[in-house]
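Trainee: Okay, handing you the structure first.
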Amino acid sequence: MAKLELDETDVKILRMLQQDARIPFTKIAEQCNVSTDTIIRSFGKMKEREVISGTTVLLNLKKMGYEYIASFFVDVNFPHISDGIKFIREIPEILWCVPTIGKHNLFTIAIFKDFSRLSEVRDLIKTHPHVINVSTNIWVGEVLLCPENFELNIKE
Amino acid sequence: MNEVDRAIIENLKRDARTSFREISRKLGVSTDTISNRYRKLRRSGVIQGSTVVINPEKIGYNSIIVLMIDAEPEYSPSILNELIRIVDIIIATKTIGDCDLMAISVVRNYEHIHELMLKVAKIPHVKDVQVSFCLGDMKIRPEYFII
């Protein structure tokens, strides 16, 4: 897998953007003691090489009307795994759905406005002819998210 | 929330660095309106902040794993706090269902997974750790995971 070597400035930019993606490049430049042009170039390079997928706002799901997050481990009749994934990805509440190796062969995360919809979606997944079993986990309390936990390796 | 609010959220979700001027031009309202509505969304906590989405594949990670953790329930909060301090764990939560806690982590290789599982297993009051390997799509969208 192609891995991009990041230099010290790249990592500083990423760390600052992780805290606040709207921070002006001039301010990052000041903190890094380099020119704004250098920051713009480095940001552009990381975007072009897809180290940076994008920038986004962090939303409070509850305030957006979503009360529940749940994940499902799904057992699918193995040769039909891609059918199962395609079917599940079409459900609007699904955020992420990938095949897995382990006890189950598919993992998916979804958000729901209310409990009855959660239950409906679980049942819907179970109706797929190749789905054998669905095991549900409802995420409760505060979901701790730590994107800054990515270890960024600096080029020596 | 009104239509302007929703449009601001939609634009910033796709690119948090979009200027208020650009959004105002798209919507045909003044830049002041956009910045006022944005400030309101921040104050009320609908928008909690903004972040850069890094592609783990491009910085040396090869896979994502899901850890299912069995624990003594009364110790969940302290376990949760320990979990999120482990480098490379990007999401940790208490769950109702098959397991007591769940964590999602980016990993580099098999040795790394082994190391990580040991670290989790050594947290006091953790009873069991099971792992599932996620394949394909690494672009998990962390922007959705703050409640």
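These protein sequences, in sequence, are chains S and A. For the record, in the first sequence the residue sitting at position 53 is 1183 according to the numbering used here, with numbers rising by one throughout. For the record, in the second sequence the residue sitting at position 30 is 38 according to the numbering used here, with numbers rising by one throughout. In this text, a Cβ means the ideal position worked out from N, Cα and C, and glycines have one as well. Nothing here was measured: the structure is a model prediction, and the numbers come from that model.
Between PHE1202/S and SER1265/S, which are expected to be in contact by the criterion C-beta below 8 Å, what is the C-beta distance as a whole number of angstroms?
Mentor: Against the first sequence, residue 1202/S aligns to sequence position 72. Against the first sequence, residue 1265/S aligns to sequence position 135. Contact flag correct, Cβ pair sits at about 7 Å.
Trainee: Mind listing, in chain order, the continuous alpha helix (DSSP H) runs of no fewer than 4 residues lying wholly within the segment 101–139 of chain A?
Mentor: Listed in chain order, they are 118–129.
Trainee: Mind checking the segment 24–36 of chain A against chain S and listing, in chain order, the residues whose C-beta falls within less than 8 Å of any C-beta there?
Mentor: The segment 24–36 of chain A vs chain S, Cβ under 8 Å: ALA24 and ARG25.
Trainee: Examine the Cβ distances between the segment 71–78 of chain A and the segment 101–112 of chain A and report whether three or more of them are shorter than 8 Å.
Mentor: Output reads yes: the segment 101–112 of chain A touches the segment 71–78 of chain A.
Trainee: According to DSSP, is SER71/A part of a helix, a strand, or is it coil?
Mentor: The residue labelled residue 71/A in the question sits at position 63 within the second sequence. Strand at SER71/A.
Trainee: By the 7 Å beta-carbon criterion, what residues does the segment 1214–1240 of chain S contribute toward chain A?
Mentor: Correct list: LEU1225, TRP1226, VAL1228, PRO1229, THR1230, ILE1231, GLY1232, LYS1233, HIS1234 and PHE1237.
Trainee: So for GLU1286/S, helix, strand or coil by DSSP?
Mentor: As a working note, residue 1286/S is residue 156 in the first sequence. Below a pLDDT of 50, predicted positions are generally treated as unreliable, and GLU1286/S, at 42, falls in that range; the measurement from the model is reported next regardless. Note: GLU1286/S maps to coil in three-state DSSP.
Trainee: What does the alpha-carbon distance come out to for the pair VAL115/A and ILE67/A?
Mentor: Taking the second sequence and counting its residues from 1, one reaches residue 115/A at position 107. Taking the second sequence and counting its residues from 1, one reaches residue 67/A at position 59. Taking the straight line from one Cα to the other gives about 11 Å.
Trainee: Do you know offhand how far LYS1216/S's Cα is from GLU1178/S's?
Mentor: By 1-based counting over the first sequence, the position of residue 1216/S is 86. By 1-based counting over the first sequence, the position of residue 1178/S is 48. Taking the straight line joining both Cα atoms gives about 29 Å.
Trainee: Counting only beta-carbon atoms, is ILE154/A nearer than 8 Å to chain S?
Mentor: Here the question's residue 154/A lines up with position 146 in the second sequence. The pLDDT assigned to ILE154/A is 42, lower than 50, so where the model puts this residue is not dependable; a value taken from the coordinates is nonetheless given after this. For ILE154/A, the answer is yes, since a Cβ of chain S falls inside 8 Å of its Cβ.
Trainee: On the DSSP letters alone, give me the boundaries of the alpha helix (DSSP H) that SER32/A sits inside.
Mentor: The residue given as residue 32/A occupies position 24 in the second sequence. Element bounds for SER32/A: 28–35.
Trainee: Please determine, among GLY105/A, ARG22/A, HIS122/A and ILE16/A, the residue with the shortest C-alpha to C-alpha distance to VAL54/A.
Mentor: To locate residue 54/A, count along the second sequence from 1; it is residue 46. Checked all of GLY105/A, ARG22/A, HIS122/A and ILE16/A; the closest Cα to VAL54/A is ILE16/A.
Trainee: Whose Cβ in chain S lies nearer than 9 Å to the Cβ of ILE17/A?
Mentor: For the purposes of this step, residue 17/A is identified with residue 9 of the second sequence, where counting begins at 1. Here the neighbours are VAL1187, LEU1189 and MET1194.
Trainee: Which first and last residues belong to the beta strand (DSSP E) in which PRO1229/S is found?
Mentor: Stepping through the first sequence from its first residue, residue 1229/S is reached at position 99. Segment 1224–1231, the beta strand (DSSP E) holding PRO1229/S.
Trainee: Could you tell me the distance, in whole angstroms, from the CA atom of GLN138/A to the CA atom of ASN44/A?
Mentor: Counted from its first residue, the second sequence places residue 138/A at position 130. Counted from its first residue, the second sequence places residue 44/A at position 36. Roughly 48 Å separates the two Cα atoms.
Trainee: Are there 16 or more other CB atoms within 10 angstroms of the CB of THR59/A, so buried, or fewer, so exposed?
Mentor: Locating residue 59/A in the second sequence gives position 51, where the first residue counts as 1. Classification of THR59/A: buried, given that the 10 Å Cβ count is 16 or more.
Trainee: Per DSSP, what kind of secondary structure is VAL1206/S in: helix, strand or coil?
Mentor: Indexing the first sequence from 1 puts residue 1206/S at position 76. Strand, per DSSP.
Trainee: At a cut of 8 Å, does the segment 1220–1232 of chain S reach the segment 1177–1191 of chain S through at least three beta carbon pairs?
Mentor: Judged by Cβ distances under 8 Å, the segment 1220–1232 of chain S makes no contact with the segment 1177–1191 of chain S, as fewer than three pairs qualify.
Trainee: Beta-carbon within less than 7 Å of LYS1157/S's beta-carbon, same chain only, minus the 5 sequence neighbours each way: which residues are those?
Mentor: If you number the first sequence from 1, residue 1157/S lands on position 27. Cβ neighbours of LYS1157/S beyond the five flanking positions: none.
Trainee: If contacts are defined as beta-carbon pairs under 8 Å, then LEU49/A and ASP13/A qualify, I think. What distance do you get, rounded to the angstrom?
Mentor: Counting from one through the second sequence, the residue named residue 49/A turns up at place 41. Counting from one through the second sequence, the residue named residue 13/A turns up at place 5. Correct: roughly 6 Å between the Cβ atoms.
Trainee: Output the boundary residues of the alpha helix (DSSP H) element that contains VAL1251/S.
Mentor: Indexing the first sequence from 1 puts residue 1251/S at position 121. Its alpha helix (DSSP H) spans residues 1245–1257.
Trainee: With a cut-off of 8 Å, does the C-beta of ILE1262/S fall near any C-beta of chain A?
Mentor: Along the first sequence, one-based indexing puts residue 1262/S at 132. Closer than 8 Å: no.
Trainee: Determine the contact status of THR1139/S and THR1168/S, defining contact as a CB-CB distance below 8 Å.
Mentor: For the purposes of this step, residue 1139/S is taken as the residue at position 9 of the first sequence. For the purposes of this step, residue 1168/S is taken as the residue at position 38 of the first sequence. Cβ distance < 8 Å, so THR1139/S and THR1168/S count as in contact.
Trainee: Taking LEU20/A as the query, report the chain S residues whose CB atoms sit under 8 Å from its CB, ordered along the chain.
Mentor: For the purposes of this step, residue 20/A is taken as residue 12 along the second sequence, with counting starting at 1. Result: THR1186 and VAL1187.
Trainee: Would you kindly report the start and end of the unbroken alpha helix (DSSP H) that includes ALA1159/S?
Mentor: Position 29 of the first sequence, counted from the start, is the residue given in the question as residue 1159/S. Segment 1155–1162, the alpha helix (DSSP H) holding ALA1159/S.
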